[in-house]
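**Q**
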Amino acid sequence: MEVKKTAKAKTIKTGLKKTEVGFSMAFYDIKGNEEKKIALPEKIFGQKVNKSLIAQYVKVFLANQRQGTVSTKTRGEVTGSTRKIYRQKGTGRARHGDIKAPIFVGGGIAFGPKPRDFSLKINKKQARLALSSSLSEKLKEKAIFGLGSDFLKMDKPKTSTLYRFLKTKNLENNRNLLIISAKDKNNSLSLSARNLAKMIVTPAHSLNAYFVLKSRNILVTEDALSELISRFSKKNEN
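Residues 1236 to 1473 (my numbering) are what the sequence shown spells out, left to right.
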């Protein structure tokens, strides 16, 4: 029986060992045709999905987004007279002190919110594992798409061009995440993507598990993929 030879996937130079490479993803041109396949390290894209760790990371991330600046005034902080509104006895009415009591309109708040720190901490290793776990899940779902060099050669921002590509892959109605490299932050591709309502644009060095989970599909350029893999090859990754 004749065995067909399959094209070898290109491997990005990241400093990782060859034994760590075991998965691949396809890169497409603007028209939606496959250009090539690039090998991915198992260390990042082949991890077992750890749902409890991902849930912990999301909890920490969302807690750290809270400002904690909301505040209300107690009866002691409300501006107003401290005079007793009427005498204690003889009126037939309930006993009251000053007008700043919480039961009066315009009075203080009995148990209202006060400024507080909602921030939580998670160590770097856990954050890194949560990210690799979420990326592995997306790869298993075949929800990661590579953007070829054509996208970076766009003369000017053109949202319709990117939208047509999304339509060829049936992604136009989903929430998508575009991962770009630091140098492409303000290029035509990123500017085109920002005009799409359901598109999140983030540089590779800022990617986290929450953004991955919030999106149905992931779009990534080759440079951004290199930067992302480099994050995991560093000992002290933020």
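A virtual CB, placed ideally from N, CA and C, is assigned to each residue, including glycine.
Note that the structure is a prediction, hence the values are computed from the model and not measured.
In whole angstroms, give me the CA-to-CA distance for S1316 and K1349.
**A** Distance between the alpha carbons of S1316 and K1349 is about 23 Å.
**Q** For I1414, which three-state DSSP category applies?
**A** Assigned with DSSP and collapsed to three states, I1414 falls in strand.
**Q** Count the C-beta pairs between the region 1385 to 1400 and the region 1418 to 1436 that are closer than 8 Å, then say yes if the count reaches three, no if not.
**A** By the Cβ criterion, the region 1385 to 1400 is in contact with the region 1418 to 1436, since at least three pairs of Cβ atoms, one from each stretch, lie closer than 8 Å.
**Q** Can you look up K1375 in the DSSP assignment and give me helix, strand or coil?
**A** helix
**Q** Report the rounded CA-to-CA distance for L1297 versus A1444, giving the unit in angstroms.
**A** 11 Å
**Q** In terms of residues, what are the limits of the alpha helix (DSSP H) holding N1452?
**A** N1452 -> not in any alpha helix (DSSP H); beta strand (DSSP E) instead, spanning N1452 to T1456.
**Q** First and last residue of the alpha helix (DSSP H) that includes L1397?
**A** T1394 to T1403
**Q** Taking just the CA atoms, how far does K1271 sit from S1354?
**A** 43 Å
**Q** Can you give the beta carbon distance from K1433 to N1411, rounded, assuming they're within the 8 Å contact cut?
**A** 6 Å
**Q** Ordered along the chain, which non-local residues of its own chain (more than five positions away) have a Cβ less than 7 Å from that of G1342?
**A** R1310, V1313, I1334, K1335 and A1336
**Q** Restricting to Cα atoms, I'd like to know which of K1402, S1369 and K1373 is closest to L1431.
**A** K1402
**Q** On the three-pair Cβ rule with 8 Å, is the region 1362 to 1378 touching the region 1322 to 1330?
**A** no
**Q** Answer with buried or exposed for A1417, where buried requires no fewer than 16 other C-beta atoms within 10 angstroms of its C-beta.
**A** Classification of A1417: exposed, given that the 10 Å Cβ count is below 16.
**Q** Give me the Cα-Cα distance between V1455 and K1308, rounded to the nearest whole angstrom.
**A** 49 Å
**Q** For I1435, which residues of its own chain have a beta-carbon under 8 Å away from its beta-carbon, when the five flanking residues on both sides are left out?
**A** R1410, N1411, L1412, L1413, F1446, K1449 and S1450
**Q** Counting only runs that start and end within the region 1309 to 1396, where is the beta strand (DSSP E) found for 3 or more residues in a row?
**A** 1379 to 1382
**Q** Can you say whether G1347 is buried or exposed, counting buried as having 16 or more other CB atoms within 10 angstroms of its CB?
**A** exposed
**Q** Give the single residue among E1457, L1442, A1459 and Y1398 whose Cα lies nearest to the Cα of R1429.
**A** With distances taken between Cα atoms, R1429 lies closest to Y1398.
**Q** Using CA atoms only, rank isn't needed, just tell me which of G1267, P1438 and I1453 is closest to K1373.
**A** I1453
**Q** Please report how far the alpha carbon of D1352 lies from the alpha carbon of Q1302, in whole angstroms.
**A** Those two C-alpha atoms are separated by around 8 Å.
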